[in-house]
Structures are given as C-alpha cells and as structure tokens.
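Residue numbers (the UniProt record's numbering): 1 to 776.
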C-alpha cells in the first residue's frame, strides 16, 4: 500500500516516539508529528494506543492506525524497501526481527520498571533487579558488537534504531544516578552508540532534543579511554573496577589473617558465603605481553591508530626498499588470515641489522616488533606498524650448510600444492590456507559445544577402546598387547586356530571405537539429552578424498524423541554451524574463496543453506526421482540407482545440487542397508532413519530413531548375525525403563570440508591418518 500521508500522534516524547521518528527519517518518509495528544483519546481510536498512534492515510480510502512502535517500524521499512532498513537478505531480516524482540523484552520492559516514579511505591530491590537485567542485556549486546559495526549487516537497520532508542534514556544526561547504565563498561556498545550519534538522522532523534544530544555526546567517554580503563582490570558484576593484582594479593593476605583468628567471639560464623562472580574468578594472571594481530586488523582497525604495541609472529614476506635502508615485513601470528605489515627504518629501528634476510633467514623467522600504529596507505589494510624495536626470536637455519638461510626451508616458496603441504604437515599451519582451515575447525568445535550446551545437552566422554562394533562393519583396529617381540613366545592360540584374547590385557578382544553412539545412548537413558564429540577409527583400505582412518564424530542423543525431533535438531545444528562460520570466520572464508583452487561462491553457498529450509523426502521418493531423470536422459550415473541399494555420492550430490539446489533430508531407508539399532517402520521394510545430504559433499549427517522395543531389537540382531550376548548391556536399556529416543552422527571433517569448500578431507585435519600414512 502506498501511503499519501503519515502522522505520528503521541502524548509526548518517549523512546517509542523516537523510534518512529528516526525510522521515518532513515526511510525518507515525510512524517508529521503531534506530541500533545490525550492518551485516553488515542486509546479510544485503537487498542493499546495510549503511548502512540501512527495514522496512515492512503489514496484508497480511510486511514488505518498502528499502535505498536515496533509494528510501526516494520511498516515504515516495508513502505520504503529501497532504504534497506530490514536488511539486504532474509538472514539480515531475521536478525532485525530478533533484535527488535530483544530490545522489547530485555531492555524496554525492565527499563520501564527502573524509571517508575517514586509515587508508584515500587521497592528499590525490584528496581535493582530490573537494572541488573538491563545490564545483562547490554553485556549480551556488547558481545554481539565486538566484531560488528551494526547489529544486522553492514549499515543501519531497524535493529539499530530499536536498540539505540531503548538505550537512549538509560545513558542520557538527565538520567544520572543508580538507575543509569555506564557505557564505558561496554566498549563495543559505546563504539556503536557513538557511531550512531554521529549519523545525521540520529542527531535529531526527536523534536526539540538536539541540545540533549549534544550534551550526551560531550558526556560519553571516548572508545580509546574506555579500552584503557578496561585494560587496567576487568569489571566486577556490579560494574565496579576489579582490584589490581597487588590489591588482590593484599586482600588475600587480609583474608588469610582473618581465617587464622576466626570469627569474632570464637563462635561459628552464621553469614552465608559470598556469591561467586558471574563471569569467573577475579584472578587475571595470564598476560600475553603482546597484542594479537587480529585485535588490531579485524576488531579495531583505525581506532588503534597512534597506539604503541608489541606484536610477535612469523615472517610471511620480507623485502627491502630504499637501497636496503627500509624493510617491509608481513608478520602473522595465526590469529587471523591477515598479516600486519611492519615498516622498519635503518636509522629509527633498534635491531634493524639483525632483521635483514641475510641475518635472520627470511621467510619463517619469528620476530617481536614494537612500534606505533599508523594509517596504512596501502589498499586492503587499515593500519601498519612503524617499528621502533625489532627482535629476532628464532632464525631460519635453512642454508645448504645448516647455517642461516631459507634455501632448504620447506615453505620458502610462495605457493605449494596441497599434496606437498600434507608431506610437511608439521609446518603447514604457517600457510594461509591451512591457517584459515584450522581456525574454521576451531570455530566449529567451539560452536558445537556452545550449541549443545545452550540447549541443555550434557557432554559425555565415550571410550576409545571398546568391545562392541556399533556399525557391524567389522573394519576395526584391534587393540592388543599380545604381539610377540623378538625372542618372545608365540601368540596364544585356541584349539580352533583363533587367537586366545582371554590372555590379552583386557581379557577379551578389543578395538578402537568406530562410534560412540551405543555408549552415549546409555547416558541418554539417565541424563536425557547428551552428546559425545571425539575421535573414531575405521580400518577401511580407502584412498578417496572423503575417507580417513582416524576422524572425529559428533553424536547427540535425545531422550523421549522421535525421528521428527531428530531431524529438527540436526537441521538446527547444521545451520548454527554455518551461521557461526559466517559470523566469526569471515576473513578466513574470504581467503578460501580467493586462493588458487578455492570455491569462488563459498559464502553464497553457505548463506543458501542458512536461509532456506531443508527439503524432506523419503528414500523411495529419492530413488524414483533419480530413476525418472535417468530415464529422461537428464543425467548419467556411473551406478544405476535401484530401490534397496544405498545412494552413492553421485546420487546425493545430484539431488542437492541439481534437483533441489539446497540440503535434502532423506528418510525411511530400507532396513537391510541400515544398522540393527534403527527403529523398524510399520511396513516392516524400512527403518526410521534419515540422512542429511548437502551440496558439494553429499551425506553429512546420518541419524535415526532408535529401536526401543526389546523383542524387535533382538530379532534385528538375529537377522544381522549379531550375538545378543555381546550386546547384553545395550539390550538392558530396553528391559529397564525403555523409552523412545533418537540421535544422529556427523563426521566433523566432512563438516569442515563443507564449510571451507576444500576438496580433500586430508586437508582439514591437522595430521591425517590413511592407508600407509601415519607420519608425525
């Protein structure tokens, strides 16, 4: 609907009216404002209209009225889509909605309690609780703004408008006292707040408040001064500065003295122990004594100009200039894909002579460089370091005679094949590609634990040595102490010629685990929702780019759950990992798009996964689609798809890349191609199993509802030739308090392949293990 006129009617200025006025200005909408309206008249016009009413007149007829500020914001944004206030993608639009809800629930609602007048007779304790809730919300906001200029995307959106206006009165000049929020304790929020304050539209956030805005700008500290204060020591939960190390030591001495003397009067103290700090102990002993390069290049940029810092790392490139009077060194410390350029001048840099390639060995040497950060004239980097002191920490001894030099240093050349780097796995962490991949791997491991922990799952450590074969494949590495050494007796043999493992360390045959699923299921039957994340082993003589002998598996198990819940959790988890990588590893993904052989549309592919629901089809439907397209000569397969046979990688990728162009969940596989523990469907032919297939990889997750019926499970064991005696403990779970439960498994390295766009699984694990390769 195209509005011909829009009028804001309200009893006075409030954070709600500010939001609407600001959104209208950013949208380029002409808005008339009336701020002396009778609240009772407004509420008679439309329910909940006491605070404000947005009156929208269109050419088609009578006006319609909007009474909620966030609804008004959304209308203004959608009425002017070119302004981009709702973000530029569906993902950003979702972020906008989340932040608007966050603003209302976590800032506006408790803030209203904080600012109730004295005649409301609200206890101070209630107001203090509300203040703590707001402070906690601002802390969440500070974490979100640690790496982002704006809340959703790369420009101002409704998310910034809503949260800014909710905070405005909490930090305003007229709002001093115990009920205010000190932004100097939250540098990310402060930087964002000051950035918005300097936007023209924000300087006139509401009629007649320009002077207040100027006073607010003058009152707020600079980001630099805030960071310096925070560097003096972390904040306690109440916002006060935590004591210095000397202060802590003194306090400890006082406490020790008090402990010796005991409570006054010699009696037992009745006071409760003090509450523990929310964010960890006050102690902060660890000090890197250097500045991490990522903080300077990614997180702070030009805000760090003028500061004196020390960085340490390894030389990526080194070149001389001005006839040897200058050195340009790219130093990388592994914290980011980006390298800091340091400029060394012979007459201004202490230690210059030792830093020359002839003295240090060049690429690969480790340096400590102290200097001042200045704006960089080069494109693509915000700052560079003008060195005052350089120290060579470790030279490169790669000369032909074992002396200083780079000729024999394995990474001396600028470019190396992935195969070459696998042969030098002990050094490849220094390369750009491997560095980015390992940072993504770290991020995905952290995201995995955070995802499950935030949803109440417990992390269970399942054994690596096991007597059970979860998959029934038999391709397991045997663990034994019976191998005879030179001159030792022969292996103990049974009458039938088999090895007598009763003489072995564990008194039975044991192997390295192929999965932690059976073990983690036992804990799901007592702790409810659990997961395991650890190494697994397969003795498959496979040389493909998708198989390893040692890899990591993530295996959650959900109590009281069916296949639908299992699929929902798996889709949520995979999307969370994609979101986390896009949010926290952008510079690594950019690099992986640009390197030779990298995937040019990597981030676009990942966003497609994030922004679209996964397709759900049955195995029978999948096979029918493949057979139909094969018959129509739309595709040619090396292996013809047939019902009853497992889908191959070519089939899986065709479904995800050509048919649906997004991830696909295939369900209800034939029972004969799936494991014994998967729940038998009512038709007796299929099981309640699911595989998630993704573009580029194929299957990335496999899961099922577990068979909870003892008689059916025992029958399945007999069908598959498994001995019940070996699984007595697993069958016990069905004897004692059986219940529906479900879970899935994800190969961690396949996840990293999917996120990074690399082609070979051996390049996404630090030290790959595969047939005939167990070096390092």
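C-beta atoms are modelled at their ideal positions from N, C-alpha and C, and glycine is treated no differently.
- One alpha carbon belongs to residue 523, the other to residue 692, and they sit about 25 Å apart.
- Note on geometry: alpha-carbon atoms of residue 194 and residue 160 lie some 12 Å from one another.
- Residue 326 is positioned such that its CB atom lies no closer than 7 Å to that of residue 354.
- Residue 85 sits close to residue 77, with the two beta carbons spaced by under 7 Å.
- Inter-segment contact for the region 541-555 and the region 711-730 is absent: fewer than three beta-carbon pairs are separated by less than 8 Å.
- Residue 705: member of the beta strand (DSSP E) spanning 698-705, first to last residue.
- Around the CB of residue 505, fewer than 16 other CB atoms lie within 10 Å, so the residue is classed as exposed.
- Taken in chain order, the unbroken stretches of beta strand (DSSP E) that lie wholly in the region 463-548 and span 3 residues or more are 510-512, 530-537.
- Measuring C-alpha to C-alpha distances from residue 350 to each of 342, 390, 709 identifies 390 as the nearest.
- Distance between residue 447 and residue 482, taken at the CA atoms: about 41 Å.
- According to DSSP, residue pairing for residue 332 in a beta bridge involves 314.
- At a Cβ-Cβ threshold of 7 Å, residue 555 and residue 517 count as neighbours.
- In the DSSP assignment, residue 65 falls within the unbroken beta strand (DSSP E) covering 64-66.
- Here residue 417 is exposed: its Cβ has fewer than 16 other Cβ atoms, across all protein chains shown, within 10 Å.
- Under a 10 Å Cβ-count criterion, residue 511 is classified as buried, with 16 or more other Cβ atoms of the shown protein chains found around its own Cβ.
- Counting along the chain, the unbroken alpha helix (DSSP H) around residue 358 starts and ends at 357-360.
- Residue 142 and residue 359 have their C-alpha atoms some 45 Å from each other.
- In the DSSP assignment, residue 668 falls within the beta strand (DSSP E) that extends over 664-670.
- Residue 774 counts as exposed, since fewer than 16 other beta carbons sit within 10 angstroms of its beta carbon.
- Residue 711 counts as exposed, since fewer than 16 other C-beta atoms from the protein chains shown sit within 10 angstroms of its C-beta.
- Contact between residue 612 and residue 662 holds, with the beta-carbon distance rounding to 5 Å and staying under 8 Å.
- Secondary structure note for residue 136: it is in no beta strand (DSSP E), and the uninterrupted alpha helix (DSSP H) holding it is 124-144.
- Of 688, 740, 571, the smallest CA-CA separation from residue 709 is found for 740.
- Secondary structure note for residue 741: its beta strand (DSSP E) is the uninterrupted segment 741-747.
- Residue state for residue 74 is assigned as helix, using DSSP reduced to three classes.
- Within 10 angstroms of the beta-carbon of residue 378 lie fewer than 16 other beta-carbons, which makes it exposed.
- Put simply, the backbone Cα of residue 751 is about 39 Å away from that of residue 319.
- Under the rule that a run must span 4 or more residues, the alpha helix (DSSP H) segments found entirely inside the region 547-609 read 563-584, 586-594.
- Per the coordinates, the alpha-carbon of residue 643 lies some 14 Å from the alpha-carbon of residue 630.
- Under DSSP, residue 678 forms a beta bridge with 706.
- Per DSSP, the unbroken alpha helix (DSSP H) holding residue 442 starts and ends at 432-454.
- One thing to note: residue 462 has its Cβ within 7 Å of the Cβ of residue 532.
- Counting along the chain, residue 41 sits inside the alpha helix (DSSP H) bounded by residues 39-45.
- The Cβ atoms of residue 336 and residue 592 lie no closer than 7 Å to each other.
- In the three-state scheme derived from DSSP, where H, G and I count as helix and E and B as strand, residue 321 is classed as strand.
- In this structure, residue 676 sits away from residue 703, with a CB-CB distance that is not shorter than 7 Å.
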